[in-house]
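Peer 1:
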Amino acid sequence: MKLKQQPEDFRVEELTDTVPADAGDFALYRLDKTGWTTPDALAAIRRRWQLDLRRLSYGGLKDRHAVTSQHITVFRGAKRSLSHERVTLTYLGQCAEPFTAANIRANRFTIALRSLSASAVTHAEGALREVAGAGLPNYFDDQRFGSVGEAEEFVAKEMVFGRFERALWLALAAPYEFDRADAKREKATLIEFWGKWPECQAKLPKGHARSLVSYLAAHPTDFKGAVARLRPELQGLYLSAYQSYLWNKMLAAWLTSTLGAENLTTVELKLGRVPAPVRVLEEHRAAWESLTLPLPSARVKPDANAPWLPTVEEMLKAEGLTLAELKVKGMQKPFFSKGDRAASVRPENLSHTAEADELNRGRRKLVLRFDLPRGSYATMLVKRVTSPSPTP
């Protein structure tokens, strides 16, 4: 199966109930782009219009390898449109508040799965019927774990356990699949001179890693202090990755213990296979469709009778943790997010068509169309319907 063989194979349209008006301090725009990340597209717009970053607001990040449409606001922005390479900004009107994630009602996807055999199409169509009946587990998909290196260790887990030197090593020196040549050279230097901080500092180019090594040259044993000086956006990525991994494990444990193996299939994620329901018995349907699980954190104060609590406690025990211990001790920041996430989603307006694949001779193309709530991953549906695991 080929996904995103060309950007047009993956289309995302942001849906919102925000209605532009004639008045308000914020100019509302639709941002259409192809082959750009959202931050890069916004940076291009800022350069063209000479905007301070603080004037821009948007709801979410959209894929680079796709054709995407989303909304942004600019405080006291220009009442005109803009085109820049494969980026188009269309002025829609004014609004009273900045556009944020809370303004996204759903995302609409059109995805072409290419180079499928006839039997793979048949399998996928059967899986789509199962999803329509049983729903889709709302796992965090691989995009959430981009900060997890080849060894599959979590920076934030080391921070939680107070192993700050290991956390720093993972953040600065651990190899990643997509490291560019300059990053590989920098990491090789860090590995060779780790602990020899003045020498390491002299060998490194100017940048974030060198600033942290400079701190260690003056404070050789204060790894907690060095970790605290990691860029805030990196700290946030590390904590959200580990928290999302634990949440996925919570959901997997609930599905296994509640629905039973005979009613489950599995889906392959970057960090291992996870269960997904093939069918849901009526005795479990209400619990499954209404289930929400908290983002695990010491900030969660669960009701002792919460139905998910025993499963969560058992899962965390295997990690050597309790909910109360899920924090970075001795540091006010960063901290794990607090909130709840629906365990299941049901793709709305789900439809599909199968036809000959014009880009791959003799193969089939399956085009999926559906809407998902904000924060749910379309790639989970793709993996669910193309999983090679046999359905019980």
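full-length UniProt numbering puts the first residue of the sequence shown at 1, with every later residue one more than the last. Where is the CB? At the ideal position from N, CA and C, for every residue including glycine.
In the DSSP assignment, what are the bridge partners of residue 24?
Peer 2: The count along the sequence shown starts at 1 and reaches residue 24 at position 24. Answer is none; residue 24 lacks a bridge partner.
Peer 1: If you follow the beta strand (DSSP E) that residue 56 is in, where does it begin and where does it stop?
Peer 2: As a first step, residue 56 is located in the sequence shown; it is residue number 56 there, counting from the start. Run containing residue 56: 56-58, per the beta strand (DSSP E) assignment.
Peer 1: In the DSSP output, which residue or residues are listed as bridge partners for residue 10?
Peer 2: What you label residue 10 is simply residue 10 of the sequence shown in a count that begins at 1. Answer is 111, bridged to residue 10.
Peer 1: Using only the alpha-carbon positions, how far apart do residue 12 and residue 99 sit?
Peer 2: Numbered from 1 along the sequence shown, position 12 holds the residue referred to as residue 12. Numbered from 1 along the sequence shown, position 99 holds the residue referred to as residue 99. Those two C-alpha atoms are separated by around 18 Å.
Peer 1: Measuring straight from C-alpha to C-alpha, what distance separates residue 294 and residue 192?
Peer 2: Indexing the sequence shown from 1 puts residue 294 at position 294. Indexing the sequence shown from 1 puts residue 192 at position 192. Distance between the alpha carbons of residue 294 and residue 192: 42 Å.
Peer 1: With 16 other CB atoms within 10 Å as the buried threshold, where does residue 19 fall?
Peer 2: The residue you call residue 19 lines up with position 19 of the sequence shown. Looking at its Cβ environment, which holds fewer than 16 other Cβ atoms inside 10 Å, residue 19 is exposed.
Peer 1: Where does residue 63 sit, in a helix, a strand or coil, going by DSSP?
Peer 2: Within the sequence shown, the letter at position 63 stands for residue 63. Residue 63 falls in the coil class under three-state DSSP.
Peer 1: Name, in chain order, the residues that DSSP records as bridge partners for residue 93.
Peer 2: Against the sequence shown, residue 93 aligns to sequence position 93. Answer by DSSP bridge pairing, in chain order: 28.
Peer 1: Could you give the first and the last residue of the continuous alpha helix (DSSP H) run that contains residue 311?
Peer 2: Against the sequence shown, residue 311 aligns to sequence position 311. Unbroken alpha helix (DSSP H) run through residue 311: 309-318.
Peer 1: How many whole angstroms separate the CB atoms of residue 384 and residue 121, which I take to be in contact at a CB cut-off of 8 Å?
Peer 2: If you number the sequence shown from 1, residue 384 lands on position 384. If you number the sequence shown from 1, residue 121 lands on position 121. Not a contact, Cβ separation roughly 15 Å.
Peer 1: Taking only three categories from DSSP, how would you classify residue 240?
Peer 2: Position 240 of the sequence shown holds residue 240. Here residue 240 sits in helix by DSSP.
Peer 1: Is the Cβ-Cβ distance between residue 78 and residue 44 less than 8 Å?
Peer 2: The residue given as residue 78 occupies position 78 in the sequence shown. The residue given as residue 44 occupies position 44 in the sequence shown. Their beta carbons are not under 8 Å apart, which means residue 78 does not touch residue 44 by this criterion.
Peer 1: Determine the burial state of residue 301: buried for a count of at least 16 other Cβ atoms within 10 Å of its Cβ, exposed for fewer.
Peer 2: For the purposes of this step, residue 301 is taken as the residue at position 301 of the sequence shown. It counts as exposed.
Peer 1: Go through its chain and collect everything with a Cβ distance to residue 31's Cβ below 6 Å, but skip five positions before and after it.
Peer 2: Along the sequence shown, read from residue 1 onward, the residue named residue 31 stands at position 31. 70, 72, 89, listed in sequence order.
Peer 1: Is the beta carbon of residue 396 less than 8 Å from the beta carbon of residue 138?
Peer 2: Here the chain covers residues 1 to 392 and nothing more, so residue 396 does not appear.
Peer 1: Should residue 140 go down as buried or exposed, given a rule of 16 or more other Cβ atoms within 10 Å for buried?
Peer 2: Residue mapping note: residue 140 aligns to position 140 of the sequence shown, counting from 1. Buried, by the Cβ-count rule.
Peer 1: Tell me the DSSP bridge mates of residue 119?
Peer 2: In the sequence shown, counting from the first residue as 1, residue 119 sits at position 119. Looking at the DSSP assignment, residue 119 forms no beta bridge with any residue, so it has no partner.
Peer 1: Report back the beta-carbon spacing between residue 279 and residue 133 to the nearest angstrom; my notes put them in contact at under 8 Å.
Peer 2: Here residue 279 refers to the residue found at position 279 when the sequence shown is read from its first residue. Here residue 133 refers to the residue found at position 133 when the sequence shown is read from its first residue. Their Cβ separation, rounded to whole angstroms, is 7 Å, which keeps residue 279 and residue 133 in contact under 8 Å.
Peer 1: Please confirm if the segment 256-274 is in contact with the segment 233-242, defined as three or more CB-CB distances below 8 Å between the two stretches.
Peer 2: The segment 256-274 is not in contact with the segment 233-242.
Peer 1: Quick one: any contact between the segment 142-161 and the segment 193-213, if contact means 3 or more CB pairs under 8 Å?
Peer 2: A contact is defined here as three or more CB-CB pairs under 8 Å, and the segment 142-161 fails this definition with respect to the segment 193-213.
Peer 1: Taking the alpha carbon of residue 327 as the point to measure from, which residue in 298, 310, 340, 353 has its own alpha carbon closest?
Peer 2: As a working mapping, residue 327 is identified with position 327 in the sequence shown. Closest by alpha carbon: 298.
Peer 1: Among all the DSSP beta bridges, which residues are the ones paired with residue 371?
Peer 2: As a position in the sequence shown, residue 371 is number 371, starting the count at 1. Answer by DSSP bridge pairing, in chain order: 108, 348.
Peer 1: Using DSSP bridges, identify the partner residues of residue 268.
Peer 2: Residue mapping note: residue 268 aligns to position 268 of the sequence shown, counting from 1. Answer is 273, bridged to residue 268.
Peer 1: Would you be able to state if there are at least three C-beta pairs under 8 Å between the segment 161-173 and the segment 361-376?
Peer 2: no
Peer 1: What are the boundary residues of the alpha helix (DSSP H) that includes residue 292?
Peer 2: Locating residue 292 in the sequence shown gives position 292, counting from the first residue. Segment 292-294 is the beta strand (DSSP E) holding residue 292; no alpha helix (DSSP H) there.
Peer 1: Quick one: complete alpha helix (DSSP H) runs, 4+ long, within the segment 147-225?
Peer 2: For the alpha helix (DSSP H) assignment, the uninterrupted runs of no fewer than 4 residues enclosed by the segment 147-225 are, from N- to C-terminal side, 155-160, 164-172, 181-193, 197-203, 208-218.
Peer 1: What are the boundary residues of the alpha helix (DSSP H) that includes residue 43?
Peer 2: By one-based count along the sequence shown, residue 43 stands at place 43. First-last of the alpha helix (DSSP H) with residue 43: 38-49.
Peer 1: Does the separation of the CB atoms of residue 168 and residue 149 fall below 8 Å?
Peer 2: Mapped onto the sequence shown, residue 168 falls at position 168. Mapped onto the sequence shown, residue 149 falls at position 149. No; because the gap between Cβ atoms is not below 8 Å, this pair is not in contact.
Peer 1: Of the residues 316, 204, 306, which one's Cα is nearest the Cα of residue 296?
Peer 2: Sequence index remark: in the sequence shown, residue 296 carries index 296 (1-based). Checking every option, the nearest Cα to that of residue 296 belongs to 316.
Peer 1: How big is the Cα-Cα spacing for residue 60 and residue 23?
Peer 2: Here residue 60 corresponds to residue number 60 of the sequence shown, with the count starting at 1. Here residue 23 corresponds to residue number 23 of the sequence shown, with the count starting at 1. Computed Cα separation, rounded: 24 Å.
Peer 1: Going by other Cβ atoms of all chains shown within 10 Å of its Cβ, with 16 needed for buried, is residue 416 buried or exposed?
Peer 2: Within the shown structure, residues of the chain are numbered from 1 to 392, placing residue 416 beyond reach of any answer.
Peer 1: Given this structure, state the Cα-to-Cα distance separating residue 390 from residue 25, to the nearest angstrom.
Peer 2: Translated into the one-based positions of the sequence shown, residue 390 becomes position 390. Translated into the one-based positions of the sequence shown, residue 25 becomes position 25. Its pLDDT being 49, under 50, residue 390 is placed unreliably by the model, and the measurement read from it follows with that caveat. Roughly 55 Å between the two C-alpha positions.
Peer 1: Does the beta-carbon distance from residue 230 to residue 105 come in below 8 Å?
Peer 2: Locating residue 230 in the sequence shown gives position 230, where the first residue counts as 1. Locating residue 105 in the sequence shown gives position 105, where the first residue counts as 1. Taking 8 Å as the Cβ cut-off, residue 230 and residue 105 do not qualify as a contacting pair.
Peer 1: Examine the Cβ distances between the segment 176-193 and the segment 347-362 and report whether three or more of them are shorter than 8 Å.
Peer 2: Fewer than three beta-carbon pairs drawn from the segment 176-193 and the segment 347-362 are found closer than 8 Å, and the two stretches are therefore not classed as touching.
Peer 1: When the Cα atoms are used, what is the spatial distance from residue 262 to residue 109?
Peer 2: For the purposes of this step, residue 262 is taken as residue 262 along the sequence shown, with counting starting at 1. For the purposes of this step, residue 109 is taken as residue 109 along the sequence shown, with counting starting at 1. Spanning the two alpha carbons is a distance of roughly 31 Å.
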